[in-house]
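Chemist: Pasting a structure below so you can have a look.
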């Protein structure tokens, strides 16, 4: 029989690591690994997305081992998926169906950036926070403990926010515990049980928990010169039944869109479906506006830096900073690794680097050291005039002489008479990995929101620029999922116009089945 004559199944797992440069993937620092696993092993079944829970008479023996029709169905499905990867993305760019615009409401919503997204059939709108530090898209759903959703509760809103109800969407499906993306699966009482989730975030006692569902995310594709095309993409959504901590205090009250590297994130789903290239971009302006695009590789002329692995794997957006400079002075031994996180509000540096940078900054500042009650920063200064005095810039140097300049890297403390003082908006962290947040604390403006934006504005590609910050004191806001072993700081700030271009490390599962069959079987 052919099954008895089969040899081994060889998997080539090639990790094509990131470098955002034109439209190719740099392989300068990649590794190639080769593993041999048996075609009928449980590991092979899992890789083929064939549930080992489906048994054939005896416990632990998967039915696909008999080369059933289901076995060939899975192989055929995998072939179709590989063809999509070879043929390239169907759309150049995708963005939320209500437009690519993002917005920050300042202190009212924790200084995070938000976007309107539509979920389900018929679609329901949600104002979700954008977070590169976590993976899951979750929204308030069948609430047991959620933030207030009435517009009157928030000074920036005069409409109510929505609560998701899976039973109201004809396209929603429960995600069972046997699904490969159900992390809680081993703890379920039954494989058919709906998959629960529980995510703890950096901020103490801040979490979201509930059940996972699959539903449609409504998107659009278009450009300045063409009409937009509606696109529905199936994604996994957290039915957030219970929130805690910051998520009950005005941060992400209507949900959070995780944009991380995990398989469960929206960018990963869009790329795996062949809808767009495995990348996305975000731009944030100092006035609180911004844009988000899925599939965007950015401008060919922009600077780039590769992401780095954490403990041997690419779990999140880690970059290598070769040195930090204050003005034109670059202290020695200021290199470190940093997490890029749009869901955090401050910049944290490893302790040794922090001490060198703040001392160099203090040496360049012509102002008197002071302290301001209620402000967390150590290096604060009293202003001798009603305007911000000249302060040195902070420059982060990356490989290949690329750099990112933060002008006026300070938090301005205002009074009725003008500028009362300022603080260097950088904090130390007890870990060896720093964090670069996205928040520019520009001059505070109250932004009125009456309804989701009508239509879709023009969609120029993002650019990389910096600008001058200012602002008032706020409580730090944090998204970003807490790692198994906390290594990054909680809340962070980089006071600049921040553009993040994210090209996911295309994880290409090249499945090559090498089998030796007897010549008389007639099967190749």
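Numbering (mature numbering (1 follows the signal peptide of the UniProt record, and there is no 0)), first residue to last: -28 to -1, 1 to 496. Quick reminder that beta carbons are idealized off the backbone N, C-alpha and C, glycines included. Treat the numbers as computed from the prediction; the structure is a model and nothing was measured.
#1: Nearest-angstrom Cα distance between residue 158 and residue 149?
#2: Excluding the 5 residues flanking residue 69 on each side, which residues of the same chain have their C-beta closer than 7 Å to its C-beta?
#3: Residue 213 and residue 93 - do their beta-carbons sit closer together than 8 Å?
#4: What's the C-alpha gap between residue 434 and residue 275?
#5: Excluding the 5 residues preceding and the 5 following residue 353 in the sequence, name in chain order all residues of the same chain whose CB lies nearer than 7 Å to its CB.
#6: With DSSP run on the structure shown, which of helix, strand or coil describes residue 249?
#7: Pull up the distance between the alpha-carbon of residue 350 and that of residue 147, whole angstroms please.
#8: Output the boundary residues of the alpha helix (DSSP H) element that contains residue 326.
#9: Give a yes or no on whether the C-beta atoms belonging to residue 310 and residue 84 are separated by under 8 Å.
#10: Rounded C-beta distance between residue 277 and residue 371? I'm assuming under 8 Å.
#11: Taking the beta carbon of residue 103 as the centre, do at least 16 other beta carbons fall within 10 Å, making it buried, or is it exposed?
#12: When we look at the beta-carbon of residue 497 and count the other beta-carbons within 10 Å, is it buried (16 or more) or exposed?
#13: Would you kindly work out how many angstroms separate the C-alpha atoms of residue 115 and residue 181, rounded to a whole number?
#14: Under a three-way DSSP split, which group does residue 343 fall into?
#15: Can you tell me the Cα-Cα spacing of residue 139 and residue 184, whole angstroms?
#16: Is residue 232 near residue 101, with beta carbons less than 8 Å apart?
#17: Taking the alpha-carbon positions, what's the residue 176 to residue 283 distance?
#18: Between residue 329 and residue 303, which are expected to be in contact by the criterion C-beta below 8 Å, what is the C-beta distance as a whole number of angstroms?
#19: I believe residue 298 touches residue 408 by the beta-carbon criterion, under 8 Å. Please report the beta-carbon distance rounded to the nearest angstrom.
#20: From 257, 263, 358, 323, pick the residue whose C-alpha is nearest to that of residue 67; which is it?
#21: Our contact map puts residue 268 next to residue 252 with C-beta atoms below 8 Å; I'd like the distance itself, whole angstroms only.
#22: For residue 396, I'd like the list of residues in its chain whose CB is within less than 7 Å of its CB, leaving aside the five on either flank, ordered along the chain.
#23: Restricting to Cα atoms, I'd like to know which of 145, 229, 359 is closest to residue 105.
#24: Which class does residue 98 belong to by DSSP, given the choice of helix, strand or coil?
#25: Could you check whether residue 118 and residue 215 sit closer than 8 Å to each other, using their CB atoms as the reference points?
#26: Can you say whether residue 322 is buried or exposed, counting buried as having 16 or more other CB atoms within 10 angstroms of its CB?
#27: Along the chain, where does the beta strand (DSSP E) containing residue 87 start, and where does it finish?
#28: Let me know the secondary structure DSSP gives residue 291 once reduced to three states.
#29: Compute the minimum distance between the beta carbon of residue 225 and the heavy atoms of the ligand PLP, and state whether it is under 7 Å.
#30: For residue 169, write down the residues that DSSP places opposite it in a beta bridge.
#31: What span of residues does the alpha helix (DSSP H) with residue 242 cover, start to end?
#32: Between which two residues does the beta strand (DSSP E) carrying residue 114 extend?
#33: What is the DSSP secondary structure of residue 220, reduced to helix, strand or coil?
#34: Going straight from the alpha carbon of residue 292 to that of residue 107, what length do you get?
#35: Quick check: residue 218 and residue 178, are their CB atoms within less than 8 Å of each other?
#36: Hey, could you find the ends of the beta strand (DSSP E) residue 408 is sitting in?
Modeler: According to the structure data:
#1: 8 Å
#2: 90, 190, 191, 192, 202
#3: no
#4: Residue placement at residue 434 is flagged as unreliable, the pLDDT there being 30, under the threshold of 50; the coordinate-derived value follows with that caveat. Roughly 12 Å separates the two Cα atoms.
#5: 337, 339, 340, 341, 342, 393, 394
#6: coil
#7: 47 Å
#8: 323 to 336
#9: no
#10: 6 Å
#11: buried
#12: The first residue shown for the chain is -28 and the last is 496, placing residue 497 beyond what the model contains.
#13: 10 Å
#14: coil
#15: 13 Å
#16: no
#17: 24 Å
#18: 7 Å
#19: With 8 Å as the limit, residue 298 and residue 408 do not qualify as a contact, their Cβ atoms being about 16 Å apart.
#20: 263
#21: 6 Å
#22: 330, 333, 349, 351, 381, 382
#23: 229
#24: strand
#25: yes
#26: buried
#27: 85 to 91
#28: strand
#29: For the structure depicted, the ligand PLP is absent and the ligand set is empty, with no information on it obtainable.
#30: 182
#31: 238 to 244
#32: 109 to 117
#33: helix
#34: 22 Å
#35: yes
#36: 405 to 409
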